Amino acid sequence: MTSSSDVRPPSRTGTRLALRGAALGRPGAPVLERVDLDVAPGEILTVVGSSGCGKSTLLRTLAGLLPLLSGEITQDGRSLTAPSAERALVFQEDALLPWRTLRANVELPLAIAGLPRAERLVQAEAWLGRVGLAEHARRWPHRVSGGQRQRAQLARALAADPRAVLMDEPFGALDAQTRAGMQDLLVEVLRGTGATVVFVTHDVDEALFLGDRVALLGAGRLIAVREVPRPRERAAHGDPARIALRREVLTSLGS
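By our numbering, the letter at position 22 of the sequence shown is numbered 121, and the numbering carries on one by one without gaps.
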């Protein structure tokens, strides 16, 4: 039997990610240009914009999967040039390996990191318990719901103690009720990890609920980065400052 107390405390703090004068995209086809952006250690930065505006390109560049066309990208002041286990990716499609149980999927990054089998077993079961999947640890991905697969993907991403978690519309395919539950779960499980989060979404209300700040993309550029009023409560949607920010975001998106 494991519990959330069995999860290792984070060994590292969140990382700082920065872009300076950056052009992003593929050679001959830039998607974003002149991007200046700082993501502070431990913050949740949400990124919104219309389809094709460069949200996923930004995320993949921060992951080290796409090289910059020009400019500079750094992690804690050092040039970021390649993927790293310090930066975990979470996709809209759960990307679980279908031939591994949920527990074995969560164990995978721990095995890659070289943890002994007994320790990674404890850690994987503890993380599955933390995301509400303790009773499903031995089930195959195709035998659980989409929301449960996303819970398992979140557990897998956080189990390896990353310093940054880069999330590409991870809840986009879920129904409204499941999506709200996943948003609440994300905030809960991130508490205490120290991880920096960049969360891409096309849903303005999701961006304003989750983000400490929200970055607005459009017309091939970073339009603005705005602080999100707090507290982070669903009942706060009627707060005048939040209403004003929501209106600004929607206007920037041409909605």
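From the three backbone atoms N, C-alpha and C, an ideal C-beta is built for every residue, glycine too.
Here the structure is a predicted model, which is why all the values come from computation and not from measurement.
Legend entry - Pairwise C-alpha distance: valine 297 and lysine 154: 10 Å
Inset, instruction - With DSSP as the reference, please indicate the residues paired to arginine 329 in a beta bridge. - result: Its beta-bridge partners do not exist; DSSP assigns none.
Legend entry - Contact set for threonine 350: own chain, Cβ-Cβ below 6 Å, skip 5 residues either direction: none
Inset, instruction - State the CB to CB distance for the pair leucine 309 and threonine 114, rounded to an integer number of angstroms; the pair is presumed to be in contact (CB under 8 Å). - result: The Cβ separation is near 19 Å, so there is no contact.
Legend entry - Own chain, CB closer than 6 Å to methionine 266, minus 5 neighbours either side, in chain order: Val189, Phe298
Legend entry - Closest by C-alpha distance to glutamate 132, when choosing among Leu321, Leu232, Asp175, Pro182: Leu321
Inset, instruction - Taking proline 219 and alanine 233 to be in contact with their CB atoms under 8 Å, please state how far apart those CB atoms are, rounded to whole angstroms. - result: Residue identity differs from the one stated: residue 219 is arginine in this sequence, not proline. Actually they are not in contact, since the Cβ atoms of arginine 219 and alanine 233 sit about 16 Å apart, beyond 8 Å.
Legend entry - For methionine 266, the residue or residues it bridges with in DSSP: Val189, Phe298
Legend entry - Pairwise C-alpha distance: threonine 292 and alanine 223: 16 Å
Legend entry - Simplified DSSP assignment, three categories, for proline 240: helix
Legend entry - Inter-residue Cα distance where the pair is leucine 257 and leucine 285: 11 Å
Legend entry - Segment contact, 8 Å Cβ cut-off, at least three pairs: the stretch 270-286 with the stretch 242-253: yes
Inset, instruction - On a CA-only basis, which of Gly141, Arg119, Ala139 is nearest serine 178? Give me that one, please. - result: Arg119
Inset, instruction - State buried or exposed for histidine 235, treating a residue as buried only when at least 16 other CB atoms are found within 10 Å of its CB. - result: buried
Legend entry - Best match in Thr300, Leu158, Glu332, Gly317 for proximity to glutamate 287 [C-alpha to C-alpha]: Glu332
Inset, instruction - Return the first residue and the last residue of the alpha helix (DSSP H) that arginine 278 is part of. - result: 275-289
Legend entry - Proximal residues to proline 54 (C-beta, below 8 Å), its chain only, five neighbours per side dropped: No answer is possible for residue 54: the residues shown for the chain start at 100 and end at 354.
Inset, instruction - Compare the beta carbon distance of arginine 237 and threonine 200 with 7 Å and say whether it is the shorter of the two. - result: yes
Legend entry - Inter-residue Cα distance where the pair is alanine 139 and leucine 116: 7 Å
Inset, instruction - Go ahead and pull the three-state DSSP assignment for arginine 312. - result: strand
Inset, instruction - Could you please give the first and the last residue of the uninterrupted alpha helix (DSSP H) stretch that includes valine 205? - result: 201-211
Legend entry - Per-residue burial, proline 208 [other beta carbons within 10 Å of its own, 16 or more giving buried]: buried
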